[in-house]
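See below for the structure under consideration.
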Amino acid sequence: MTKAREWLREKSIVKQILSEANIIFNVLDGRIPFETRNKFIEDTVKKQNKKLYFIVNKVDLIPKDFAEKVKKELSKEFPTILYSASKKIGERKLNRLLKNFSKERKIFKIGIVGYPNVGKSSLINSLKKRKVSTVSPKPGMTRGKQLVKMYPNVFLIDTPGIITLETDEDLILKGSYLPEKLEYPVEATIKFLDKILNVKPDVLETTYGIDTKDKDSYQVLNDIGDKLNYKLAGGEIDLDRTAKKILWDWLKGKLNPYWI
Ligand SMILES: Nc1nc2c(ncn2[C@@H]2O[C@H](COP(=O)(O)OP(=O)(O)OP(=O)(O)O)[C@@H](O)[C@H]2O)c(=O)[nH]1
Ligand SMILES: [Mg+2]
Numbered sequence: 004m005t006k007a008r009e010w011l012r013e014k015s016i017v018k019q020i021l022s023e024a025n026i027i028f029n030v031l032d033g034r035i036p037f038e039t040r041n042k043f044i045e046d047t048v049k050k051q052n053k054k055l056y057f058i059v060n061k062v063d064l065i066p067k068d069f070a071e072k073v074k075k076e077l078s079k080e081f082p083t084i085l086y087s088a089s090k091k092i093g094e095r096k097l098n099r100l101l102k103n104f105s106k107e108r109k110i111f112k113i114g115i116v117g118y119p120n121v122g123k124s125s126l127i128n129s130l131k132k133r134k135v136s137t138v139s140p141k142p143g144m145t146r147g148k149q150l151v152k153m154y155p156n157v158f159l160i161d162t163p164g165i166i167t168l169e170t171d172e173d174l175i176l177k178g179s180y181l182p183e184k185l186e187y188p189v190e191a192t193i194k195f196l197d198k199i200l201n202v203k204p205d206v207l208e209t210t211y212g213i214d215t216k217d218k219d220s221y222q223v224l225n226d227i228g229d230k231l232n233y234k235l236a237g238g239e240i241d242l243d244r245t246a247k248k249i250l251w252d253w254l255k256g257k258l259n260p261y262w263i
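Just so you know, we're using the working numbering here: the sequence shown kicks off at 4 and counts up by one.
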């Protein structure tokens, strides 16, 4: 479980950023848009009467029809823009929005917030068209906040990822936790595989070239380890190493299940 003290600290960082910014871009991972929403952020923004946009990032990793469905659902609550920082999808739309802000006679500070690893820093780099912020598949890359000027009156604020009080295993499912920090990577991966087997077993088949039919998550983990040839000295499959590899593939966008 993330420690209560950590959560309180995070909460105070969000509060500070949310009060400093007058517009919020809440970045979501397009593969798991609903799980990377953060009720605390949304409630705070509503209370402060500020404008929030959902930026559904990484849409290059999901099918178009799924992305459209996500947009339709999310738009019921906040304006939603489909985006890909790597493939430049949605960039024109977002640039136009920033340009419109630049024509107004007031300062716009846009807080770029969201879970770790959803692509907040990547979004800023793609809008700025150069590397102003460090990007990494390692969740927790960005530590402090950083102000990036887009126009004389328009600024983006890069922020550290924000989580809520939840278990390490839940955070792993959100791509927001370092596999190396897990006490039991195999257990967390089993839980992750259970979820995938439930909603998108075919991605395991295409990513690892295994068969999932009538198999449970433990067998699937074994089969993936076998396929990767991750073996211990005695010849058994190295489940620990296999588990971490699967989690890293998820963080790196190489294993891409998706669900609403
Ligand atoms: N395929 C794909 N990968 C992306 C996209 N945007 C970001 N990534 C990858 O996602 C990972 C995390 O990106 P970051 O920009 O560092 O994410 P962040 O939200 O700033 O992460 P923290 O600073 O750790 O909170 C990196 O490996 C990026 O290359 C995208 O649109 N598509
Ligand atoms: Mg970052």
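By construction, the Cβ of each residue, glycine as well, lies at the ideal position given by its N, Cα and C atoms.
How long is the line joining the alpha carbons of residue i and residue j, rounded to whole angstroms?
i	j	result
VAL62	LYS112	25 Å
LYS234	SER220	19 Å
LEU174	MET153	32 Å
PRO82	PHE57	6 Å
ASN128	ALA236	44 Å
TYR211	GLN222	13 Å
TRP262	LYS109	39 Å
By DSSP, does residue i sit in helix, in strand, or in coil?
i	result
ASN98	helix
LEU258	coil
LYS42	helix
VAL135	coil
SER87	strand
LEU1	The chain is shown only over 4 to 263; residue 1 falls outside these bounds and no answer can be derived.
LYS148	coil
ILE26	strand
TYR211	helix
Compare the Cα-Cα distances from residue i to each of the options and report the closest residue.
i	options	result
THR170	ASP161, LEU185, THR162, ILE160	LEU185
ILE160	VAL17, TRP10, ASN201	VAL17
ARG99	ASN201, VAL157, LEU231	VAL157
ARG34	ALA246, VAL73, SER22	VAL73
Report yes if the C-beta of residue i is less than 7 Å from at least one heavy atom of ligand 2; otherwise report no.
i	result
ASP161	yes
SER22	no
THR210	no
Closer than 8 Å by C-beta to residue i: which residues in its own chain qualify, once you throw out the five before and the five after it? Chain order, please.
i	result
ILE20	GLY114, VAL116, LYS148, ILE160, THR162
Is any non-hydrogen atom of ligand 1 found closer than 7 Å to the C-beta of residue i, if you look at the structure I gave you?
i	result
LYS96	no
LEU64	yes
SER15	no
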